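With the first letter of the sequence shown counted as 1, position 60 gets the number 1098 in my numbering; the numbers rise by one all the way through.
Glycine included, C-beta positions come from ideal geometry on N, C-alpha and C.
None of the values given here were measured: they were computed from a predicted structure.
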Amino acid sequence: MSHKTLEINGWTIYAHPLFLDQLEAMVGAVEKARKKDPQGYKKKRATKLLAAVLKVAFEDIPNDPTRDAYRQGGTLGDAYKHWFRAKFLQQFRLFFRYQQSADAKVIVLAWVNDDTTLRAYESADDAYAAFRSRRLRSRFEWCAVAGD
């Protein structure tokens, strides 16, 4: 993982490789749409999705990651209440963690779902089930991701 970071509103932002993979795929879809339709690509779903992800990840969450609206409750299980999610465009979720101390304010953008993992209650490929699966398969240790 690259430890390149951004600082927004006093928060150091790290992006997990799973988040970066999804973002790269979204950028690719927009580039493809732009080549196919240079005049109308901004109206395409892929372009609107990418714009929404960028706004949520780099404006909304860093503005206040402690918002109650980001708490996911017990959907992932009680052991994972330290994970938060931002809801947008009805069925999309961006999962993240944050930590605030006297000497550091850190946000880790973990993963955002796509069209294959839309939010659908009790579905095997629902956004929460997909994140839980990826979270368990991948190494999401806080210290490793945040560079501690």
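Buried/exposed call for residue i, threshold 16 Cβ in 10 Å
| i | result |
| --- | --- |
| Arg1083 | exposed |
| Met1039 | Confidence in Met1039 is poor, its pLDDT being 41 and thus under 50, which makes the residue's placement unreliable; the coordinate value appears in the next sentence. Exposed is the call here. |
| Gln1138 | exposed |
| Arg1105 | exposed |
| Ala1140 | exposed |
| Ala1142 | exposed |
| Ala1095 | buried |
| Ala1117 | exposed |
Those residues which DSSP pairs with residue i across a bridge
| i | result |
| --- | --- |
| Ala1099 | Before going on, a small fix: residue 1099 reads as Ile here, not Ala. Ile1099 pairs with nothing; no bridge assigned. |
| Arg1109 | Phe1122 |
| Thr1050 | Glu1045, Val1144 |
Run of the beta strand (DSSP E) containing residue i, from where it starts to where it stops
| i | result |
| --- | --- |
| Arg1131 | 1130-1138 |
| Leu1092 | Segment 1083-1093 is the alpha helix (DSSP H) holding Leu1092; no beta strand (DSSP E) there. |
| Lys1080 | Unbroken run through Lys1080: none, as it is neither H nor E. |
Of the residues the options, the one placed nearest residue i, counting alpha carbons only
| i | options | result |
| --- | --- | --- |
| Lys1070 | Asn1047, Gln1060, Thr1085 | Thr1085 |
| Ala1107 | Phe1096, Leu1092, Pro1100, Lys1125 | Lys1125 |
| Leu1270 | Ala1140, Leu1058, Lys1042 | In this structure the chain extends from 1039 to 1186, so residue 1270 is not present and cannot be described. |
| Thr1050 | Asn1101, Phe1130, Gln1110 | Asn1101 |
| Arg1123 | Pro1076, Phe1134, Tyr1052, Ile1046 | Phe1134 |
| Tyr1166 | Thr1113, Tyr1136, Leu1088 | Thr1113 |
| Leu1088 | Phe1096, Met1064, Pro1076, Ala1142 | Met1064 |
| Phe1169 | Leu1132, Gln1128, Ile1145 | Leu1132 |
| Asp1153 | Gln1060, Lys1073, Tyr1118, Phe1096 | Gln1060 |
| Trp1121 | Leu1044, Trp1149, Pro1076 | Trp1149 |
| Pro1103 | Leu1147, Tyr1118, Gly1078 | Leu1147 |
Limits of the unbroken alpha helix (DSSP H) element including residue i
| i | result |
| --- | --- |
| Lys1073 | 1055-1074 |
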